[in-house]
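A.B. asks:
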Amino acid sequence: MSLLKRSEIRSWAVEPIASPFPGTSVYGPSAGAPSIDSAMQVSAVWACVRLLADTVSMMPLTAYTYRDGIRTPIPDPPLLVQPSADSSMPDFMYQLMVSALLRGNTYGRIVRRDQLGYPMQIELASPDSVSMRVDRQTGKNAYIFGGVQIANEDVFHFKAYRFPGANQGLSPIQYARRSVATDLAVSDFAYGFFRDGAHPSSVLSTDQPINQEQALTIKERFLSAVKGREPAILGAGIKYQQIQISPEESQFLATQKYGTAEIARVFGVPPEMIAAEAGNSMTYANVEQRSIDFLTYSVQSWLTRIEAAFRPLLPGAKHARFDTSVLLRTDLETRMKATAIGIASKQLTPDEARAMNDLPPLTDDQKNILSLVPLDVSPGGTAKAVSVTPIPEGTTPTEGNAPA
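Okay, so the sequence shown: first residue is 3 according to the working numbering, each after it adds one.
Written as structure tokens, this is what we have:
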């Protein structure tokens, strides 16, 4: 069937949103899930979404094909260069991740195709403006964008956290609504606690009988002196006592720490990477090892699913693959050792090694200079110059004076 052919519009019915876990509700015990705006007001949610979306969007998504079993880079098709009218690929990928992380689904309309019918432009839509129904006769999805039904082949639908048998991704904000709502409630209460004074900051007391008017006068005079940062003079047996309630005693910090770690678990992010307490003593030997751990356990699954989602959108035998080297970029010394070993083991040419470090190919003059100083690269990547006995003019190299 041609990619340009429109699907027949049949009658459809609303598919009820049911929890795949018995005894639970995707909306929690009462109201619906927090909105995207309210969820993003929770600092832990914002940090997790920002970290994952930033990490994925900074990695180049490039095209390649296989030739004789070898993965070969090829020019990127338009979809991987400018996927949207107003978004570059990094911005497009950031939006895709934000929608998937908060709602479990990313929806887009395919608005332009090439001569073969493959997508050239996809305009993403807010997940809250898209609804999905199921055609009872065909069992296929019917997508409604802003009240208008769009043909299935003109819809880009990326599903995250998908449960077996479900045609939509699970929303972490829905399933973690209690954690998010609790964190919001704690923040609201803490804000009111310190702004409005849920407890009096101090007490003025006296052992002498006073009426209400005298109490108000004493209070006003005291507040006037304090606001002006002047010394407060107390008389008539009046005593000042400050009331202090520590955050630990009021459980603000303990509750917020627990909530932050819980939200980090929901998004699969190491708590320490969003400035939360990890609850363990794990340390990393270097920044590279930490990045490898984060890539392996938090990011790689997203990269694999996005690559698979783009595969049907590319023509022929083209594939899309993320370049993770930007996340695993090492320090200069380690990088130089690695490239030196690659050259010594003949897995890399000098020009290929230079290209990995954003350097141009060697010029003829540079090659001549380097050829005069042969290097010996040890298995550990340490390069050292080899002494060369000068060869007299008019003679040929022999075993005794040939370069080692």
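Where a beta carbon is used, it is the ideal one built from N, C-alpha and C, also for glycine. Model, not experiment: these values are computed from the prediction.
Would you grab the beta carbon distance between I152 and R111 for me? Rounded to a whole angstrom, and I think it's under 8 Å.
C.D. replies: Right, their Cβ atoms sit about 6 Å apart.
A.B. asks: Reducing DSSP to helix, strand and coil, say where S293 ends up.
C.D. replies: Note: S293 maps to helix in three-state DSSP.
A.B. asks: Give the range of the beta strand (DSSP E) segment to which L151 is assigned.
C.D. replies: Leu is not the amino acid found at residue 151; the sequence shown has Gln there. Note, Q151: beta strand (DSSP E), V150 to I152.
A.B. asks: Can you tell which of K339, S303, E335 and A342 has its C-alpha closest to the C-alpha of R323?
C.D. replies: Nearest option by C-alpha distance: S303.
A.B. asks: What residues are listed by DSSP as bridge partners for P75?
C.D. replies: For P75, which the question treats as bridged, DSSP gives the partners Y66.
A.B. asks: Pick helix, strand or coil for D137, following the three-state DSSP scheme.
C.D. replies: Of the three classes helix, strand and coil, the one that applies to D137 here is coil, per DSSP.
A.B. asks: Roughly how many whole angstroms lie between the Cα atoms of P175 and Q43?
C.D. replies: Here residue 175 is Ile; the residue named in the question, Pro, does not match the sequence. Approximately 12 Å, taken between the alpha carbons.
A.B. asks: Less than 7 Å between the beta carbons of T67 and D78, yes or no?
C.D. replies: Taking 7 Å as the Cβ cut-off, T67 and D78 do not qualify as a contacting pair.
A.B. asks: Are S293 and K241 close, meaning C-beta to C-beta below 7 Å?
C.D. replies: Not in contact: S293 and K241 (Cβ atoms no closer than 7 Å).
A.B. asks: Measure the Cβ-Cβ separation of F147 and A127 and say whether it is below 7 Å.
C.D. replies: Going by C-beta atoms, F147 is nearer than 7 Å to A127.
A.B. asks: Quick one: what's got a C-beta closer than 7 Å to C50's C-beta in the same chain, skipping five residues either side?
C.D. replies: I265, A266, F269, V271 and I276, listed in sequence order.
A.B. asks: If you reduce the DSSP assignment to three classes, tell me which class E125 lands in.
C.D. replies: It is a strand residue.
A.B. asks: Excluding the 5 residues flanking R73 on each side, which residues of the same chain have their C-beta closer than 6 Å to its C-beta?
C.D. replies: Taken in chain order, the residues that qualify are Y66.
A.B. asks: Opposite G171 in the DSSP bridges: which residues?
C.D. replies: G171 pairs with R164.
A.B. asks: How many whole angstroms separate the CB atoms of K161 and G149, which I take to be in contact at a CB cut-off of 8 Å?
C.D. replies: Going by Cβ atoms, the distance from K161 to G149 rounds to 23 Å, so no, they are not a contact pair.
A.B. asks: Buried or exposed: which applies to I371, given that a residue is buried once 16 or more other Cβ atoms fall within 10 Å of its Cβ?
C.D. replies: I371 should be labelled exposed.
A.B. asks: Terminal residues of the continuous alpha helix (DSSP H) containing S347?
C.D. replies: S347 -> no alpha helix (DSSP H), and no H or E assigned at all.
A.B. asks: Between S261 and R164, what straight-line distance do the alpha-carbon atoms span, to the nearest angstrom?
C.D. replies: What sits at residue 261 in the sequence shown is Gly, not Ser. Near 25 Å, if we compare the C-alpha coordinates of R164 and G261.
A.B. asks: Could you give the first and the last residue of the continuous alpha helix (DSSP H) run that contains L82?
C.D. replies: Note, L82: alpha helix (DSSP H), P80 to V83.
A.B. asks: What is the rounded straight-line gap between the Cα of I124 and the Cα of E309?
C.D. replies: Straight-line Cα distance between these residues: approximately 16 Å.
A.B. asks: Look at the alpha carbon of Q84 and the alpha carbon of M91, and state the distance between them as a whole number of angstroms.
C.D. replies: The alpha-carbon atoms of Q84 and M91 are separated by roughly 6 Å.
A.B. asks: Return the bridge partner residues of F147 from the DSSP annotation.
C.D. replies: For F147, which the question treats as bridged, DSSP gives the partners V132 and V150.
A.B. asks: Where does T365 sit, in a helix, a strand or coil, going by DSSP?
C.D. replies: Coil, per DSSP.
A.B. asks: Using the rule of at least 16 other Cβ atoms within 10 Å of the residue's Cβ for burial, across every protein chain shown, is P129 buried or exposed?
C.D. replies: It counts as buried.
A.B. asks: Considering just the uninterrupted stretch of the alpha helix (DSSP H) at I1, what are its terminal residues?
C.D. replies: A query on residue 1 cannot be resolved here, the shown segment of the chain reaching from 3 to 406 and no further.
A.B. asks: Using the Cα positions of N154 and R135, report the straight-line distance between them to the nearest angstrom.
C.D. replies: Cα to Cα, N154 sits roughly 11 Å from R135.
A.B. asks: So V113 and A55 are supposed to be a Cβ contact under 8 Å. How far apart are they, rounded?
C.D. replies: 23 Å between Cβ atoms; not a contact.
A.B. asks: Relative to the alpha-carbon of R307, which residue among R69, L98, S86 and A340 has its alpha-carbon at the smallest distance?
C.D. replies: It is L98.
A.B. asks: What first and last residue would you give for the beta strand (DSSP E) that runs through V44?
C.D. replies: Counting along the chain, V44 falls outside any beta strand (DSSP E), and DSSP gives it neither H nor E.
A.B. asks: Could you tell me the distance, in whole angstroms, from the CA atom of T57 to the CA atom of L329?
C.D. replies: C-alpha separation (whole angstroms): 8 Å.
A.B. asks: Measure the alpha-carbon distance for S226 versus Q216 and round it to whole angstroms.
C.D. replies: Taking the straight line from one Cα to the other gives about 15 Å.
A.B. asks: Please name the residue or residues paired with L372 in a DSSP beta bridge.
C.D. replies: L372 pairs with nothing; no bridge assigned.
A.B. asks: So, with DSSP's three-state summary, where would you put A178?
C.D. replies: Coil, per DSSP.
A.B. asks: Kindly indicate which residue of A319, H159 and Y177 has the alpha-carbon position closest to the one of G71.
C.D. replies: Checking every option, the nearest Cα to that of G71 belongs to A319.
A.B. asks: Please say whether S45 and Y96 have beta carbons closer to each other than 7 Å?
C.D. replies: No, they are not a contact pair.
A.B. asks: Helix, strand or coil: which one does DSSP assign to K339?
C.D. replies: Residue state, collapsed to three classes: helix.
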